[in-house]
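**Student:** Take 1 as the starting number for the sequence shown in the UniProt record's numbering and just add one per residue.
Supplied in structure tokens, the structure appears directly below.
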Amino acid sequence: MESDTQNEIATVTSTEIVQLVDSFIPMSSDGHIESAEQASTLSTEKPPRKRQKKSQPQEWNANKNKEQREKGKAYLGKKKIENKWGFVEPKLDRKMKARCKCKLSLKGDTKINCDKISDEERQKIFDKFWNITWKEKKMFVKMSSICKTKERERCAGNSRRQNSVELYLTDSEGIRYRVCKTMFLNSLCVGEWVIKKWIIQDDLPKDVPKNNTKDEAKMQLRKFFDSIPKLESHYCRKNSLKLYLEPMWTSKTQLYGTYRKEFCVREKIEPLSVTTFSNMFEALNLSLYRPKKDLCDICESYKTGNVSEIDYKIHRDKKEEARNELAKDTASEHEVLTMDLQSVLLSPRSNVSSLYYKTKLIVHNFTVFDCKRNKGYCYIWNESEGKLTSNEFSTVIIEAIEKFITQNPLESNQEIIIYSDGCTYQNRNSVLSNALLNYSMEKKVTVKQKFLEKGHTQMECDSMHCVIERAIKNKKINIPADYVYIAKTACKKNPYDVQYLYHHFFKDVENTLKFHKSIRPGKRAGDPTVTNLRALKYTPDGKIVYKLRHSATHWQELPTRIKNITFIPWDTIPQLYPARFKIKKEKYQDLQALKHTMEKDYHNFYDNLPHF
């Protein structure tokens with residue numbers, strides 16, 4: 001196209017050349033050209049970690065040039081200089097050319113009607129043509145022409161002409177006039193290549209295109225991603241729109257290796273590139289499972305300039321206050337416990353490749369750590385025995401405190417202080433608060449519940465998770481109870497106290513203890529919310545007081561005060577579930593298919609799983 005239109009475009013002025021060339025010089029985000037000194041300064045600084053950049057073809061210079069060219073505007077054409085191609089040759093914007101000077105339209109019996117199209121109508125046709133897309137331009141030209149095959153030879157000799165083309169222009173009233181070739185091309189400001197390529201060649205028969213193997217390979221890649229089991233969002237991050245893969249791969253590279261070495265070999269197809277693999281991974285909004293304490297959102301946003309200095313300082317101060325508070329309490333006479341839920345565990349678990357494409361049973365491990373004695377407690381259950389609601393967590397926490405006090409009786413004036421993250425459905429809710437208040441009144445002991453700052457919730461109990469995960473590595477898990485032995489033997493110096501839980505262990509705390517409907521420290525719009533709480537204290541006289549900052553000197557009472565509270569004995573609270581939970585039919589079938597990876601002694605467990 002460039003060579004066909006080269007003679008039709010005049011020389012551009014020097015000012016326009018400078019403007020065109022400047023548009024392709026790299027600039028900084030504020031519009032200034034980066035100097036060599038600035039570039040060298042930036043290169044010495046360590047850039048912050050960012051998400052993987054996605055390609056933006058609309059920002060590529062070649063595509064910008066193409067867009068300008070297709071709109072008929074000025075652009076830079078490609079030219080080879082010193083054996084290198086570059087966008088260096090300026091091209092002017094297109095303008096309608098002079099009408100034809102043919103005399104055919106002046107004859108009375110002619111079919112050519114160039115004289116009936118005024119310059120105003122030609123300008124309207126020109127404007128319409130260059131305001132539509134390139135694909136629509138092709139259709140416009142094809143609809144404005146009739147290509148006829150030569151019927152017979154009318155003279156001796158060989159002729160290369162095989163077709164005859166009739167060209168038409170339509171005015172604003174919809175009247176169609178046949179015009180000569182010069183009139184047609186000049187009115188649209190296009191070259192003769194339009195007739196040769198868009199009309200004649202498009203009408204010639206074409207070979208049947210071969211199958212697009214790349215599209216087929218992409219469909220196979222999509223099939224691979226669909227075959228990998230995903231975790232439900234509440235096992236990862238609340239209200240997450242992402243789908244998390246089961247924690248069997250630690251990196252995208254490892255996942256690509258599974259695709260290339262196993263899936264492609266089994267399907268007998270050629271693997272796609274890492275880039276294509278990664279792009280589809282992101283497009284499907286997938287993510288590898290990550291523990292919830294990897295990076296702080298606020299700190300990372302501050303590095304990228306999306307959080308103000310004031311907000312970041314407040315966040316940093318709260319983090320330091322929480323750390324100092326934990327250190328102070330640990331050094332005090334009071335008993336300090338830290339607690340958290342470990343990352344998702346799966347059963348069965350092994351290196352057999354068939355496990356990659358089957359859903360497995362979810363296993364939970366809630367850990368409690370005694371900071372004074374370096375003693376750990378584990379509470380393990382699988383998804384057929386219990387869920388992840390405030391009832392389960394309240395039951396486990398109360399039972400853990402009771403076991404701790406039984407093993408380590410409190411002295412007079414001693415308090416129990418528990419630290420956790422601020423996860424609302426797990427630690428910061430009215431169900432757990434009612435359970436802790438009831439326990440405080442029943443046992444005549446003061447309980448303090450304190451929350452670490454979001455994004456900086458690393459605690460002593462996290463070391464338990466690391467030790468257990470290290471012990472699990474390269475171990476074969478046949479049934480959920482196998483995690484009990486691994487957890488018990490994970491720490492050689494001070495073994496953990498491990499308990500395997502069944503559905504009858506959990507109590508219906510929510511429907512039994514109804515002291516406080518809410519623990520929000522405010523009532524009106526703009527008042528503090530539950531997520532602003534940093535500490536709660538439960539006293540034997542039935543009161544709940546709170547702090548919004550760990551550094552605050554005074555406790556405040558909740559706005560919802562209740563008089564004459566009477567505790568309910570913990571042993572009398574009814575159990576939460578009458579029977580085990582049914583798992584999905586698809587999961588049951590997958591687990592049945594995985595029985596061949598384990599000894600027959602374990603088959604009975606999976607055969608007896610309740611299912612739909």
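C-beta: ideal position from N, C-alpha, C; glycine also.
As the structure is a prediction and not an experimental result, all values here were calculated from the model.
1) Please determine if the stretch 458 to 466 and the stretch 334 to 350 are in contact, where contact requires at least 3 C-beta pairs separated by less than 8 Å.
2) Does residue 634 come out as helix, strand or coil in the three-state DSSP assignment?
3) To the nearest angstrom, how far is the alpha carbon of E442 from that of G526?
4) Is the separation between the beta-carbon of K448 and that of I417 shorter than 7 Å?
5) What's the C-alpha gap between I573 and S384?
6) Can you tell me whether H504 is helix, strand or coil according to DSSP?
7) Rank L243, T359, F393 by C-alpha distance to the C-alpha of L501 and give the top, closest one.
8) What residues match up with E166 in a beta bridge as DSSP calls it?
9) Give the DSSP-derived three-state secondary structure of E89 in the structure shown.
10) Under DSSP, the alpha helix (DSSP H) around Y312 begins and ends at which residues?
11) Could you give the first and the last residue of the continuous beta strand (DSSP E) run that contains R176?
12) Report all residues from its chain with a CB closer than 7 Å to the CB of E120; omit the five preceding and five following residues, and keep chain order.
13) Assign L104 to one of three DSSP states: helix, strand, or coil.
14) Who pairs with A535 in a beta bridge, going by DSSP?
15) Would I112 be called buried (16 or more neighbouring beta carbons within 10 Å of its own) or exposed?
16) On the criterion of 16 or more Cβ atoms from any shown chain inside 10 Å, does S332 qualify as buried, or is it exposed?
17) Tell me, to the nearest whole angstrom, how far the beta carbon of V336 is from that of S390; I am working on the premise that it is less than 8 Å.
18) Note down the Cα distance separating R580 from V396, rounded to an integer number of angstroms.
19) Below 7 Å between beta carbons: does that hold for K547 and R534?
20) Which residues in the same chain have their Cβ closer than 6 Å to the Cβ of P559, if we skip the five residues on either side of it in sequence?
21) Beta-carbon separation of G422 and K372 under 7 Å?
22) Starting from the C-beta of R122, find all residues in its chain whose C-beta is less than 8 Å away, skip the five residues before and the five after it, and write them out in chain order.
23) What number of angstroms, rounded off, separates the C-alpha of T489 from the C-alpha of Y496?
24) Verify whether the separation of the beta carbon atoms of L437 and F366 is less than 7 Å.
25) Between E453 and chain B, is the shortest Cβ-Cβ distance under 7 Å, so that the two count as touching?
26) Determine, using beta-carbon pairs with one atom in the stretch 349 to 359 and one in the stretch 469 to 487, whether at least three such pairs fall under 8 Å.
27) So what's M598 in DSSP terms, helix, strand or just coil?
28) Mind checking E557: buried by the 16 CB within 10 Å criterion, or exposed?
29) For W570 and Y439, which I take to be in contact (beta-carbon distance under 8 Å), what is that distance rounded to the nearest angstrom?
30) Would you kindly check if the distance between the Cβ of S145 and the Cβ of V165 is under 7 Å?
31) Hey, could you find the ends of the beta strand (DSSP E) Y77 is sitting in?
32) What does DSSP give as the partner residues of H364 in its beta bridges?
33) Would you give the residue range spanned by the alpha helix (DSSP H) that T338 belongs to?
34) I need the straight-line Cα distance from V307 to L288, nearest angstrom please.
35) In whole angstroms, what separates the C-alpha of residue 631 from that of T253?
36) If we call anything under 7 Å between Cβ atoms a contact, is A400 one with V368?
**Tutor:** Looking at the atomic coordinates:
1) At 8 Å Cβ cutoff, the stretches touch.
2) Residue coverage of the chain in this structure runs from 1 to 612, which leaves residue 634 outside it and unanswerable.
3) Separation of E442 and G526 (C-alpha to C-alpha, rounded to the nearest whole angstrom) is 36 Å.
4) Contact check for K448 against I417 passes: the beta carbons are separated by less than 7 Å.
5) Using only the alpha carbons, I get a separation of about 22 Å.
6) It is helical.
7) Ranking L243, T359, F393 by Cα distance to L501 puts F393 first.
8) DSSP lists I146 as partners of E166.
9) Strand, per DSSP.
10) Boundaries of the alpha helix (DSSP H) harbouring Y312: 309 to 331, taken from the DSSP string.
11) Start and end: 176 to 179.
12) Nothing meets the Cβ criterion.
13) In this structure, DSSP gives L104 a helical state, which the three-state scheme calls helix.
14) Beta-bridge pairing links A535 to K450, K547.
15) The residue is buried, with at least 16 neighbouring Cβ atoms inside 10 Å.
16) The residue in question, S332, is exposed, as its Cβ has fewer than 16 Cβ neighbours within 10 Å.
17) In fact, because the Cβ distance is near 23 Å, the residues do not count as touching under 8 Å.
18) Between the alpha carbons of R580 and V396 lies a distance of about 18 Å.
19) The criterion of a C-beta distance shorter than 7 Å is satisfied by K547 and R534.
20) K523, listed in sequence order.
21) Their beta carbons are not under 7 Å apart, which means G422 does not touch K372 by this criterion.
22) In chain order, M96, R99, L169, S187 place their CB closer than 8 Å to the CB of R122, counting only its own chain and leaving out the 5 sequence neighbours on each side.
23) Here the C-alpha atom of T489 lies approximately 8 Å from the C-alpha atom of Y496.
24) Judged by beta-carbon spacing, F366 lies beyond the 7 Å limit of L437, meaning their Cβ atoms are not closer than that value.
25) Although the question refers to chain B, the structure presented lacks it and comprises just one protein chain.
26) Output reads yes: the stretch 469 to 487 touches the stretch 349 to 359.
27) Here M598 sits in coil by DSSP.
28) Its Cβ having fewer than 16 others within 10 Å, E557 is exposed.
29) Confirmed, Cβ separation roughly 7 Å.
30) Closer than 7 Å, so yes.
31) According to the sequence as given, residue 77 is Gly; it is not Tyr. Per DSSP, G77 belongs to the beta strand (DSSP E) from 75 to 81.
32) H364 is bridged by DSSP to W381.
33) Element bounds for T338: not the alpha helix (DSSP H) but the beta strand (DSSP E), 335 to 341.
34) A straight-line Cα-Cα distance of about 26 Å links V307 and L288.
35) Residue 631 falls outside the range modelled here, since the chain spans only 1 to 612, and no answer is possible.
36) Contact flag set, yes.
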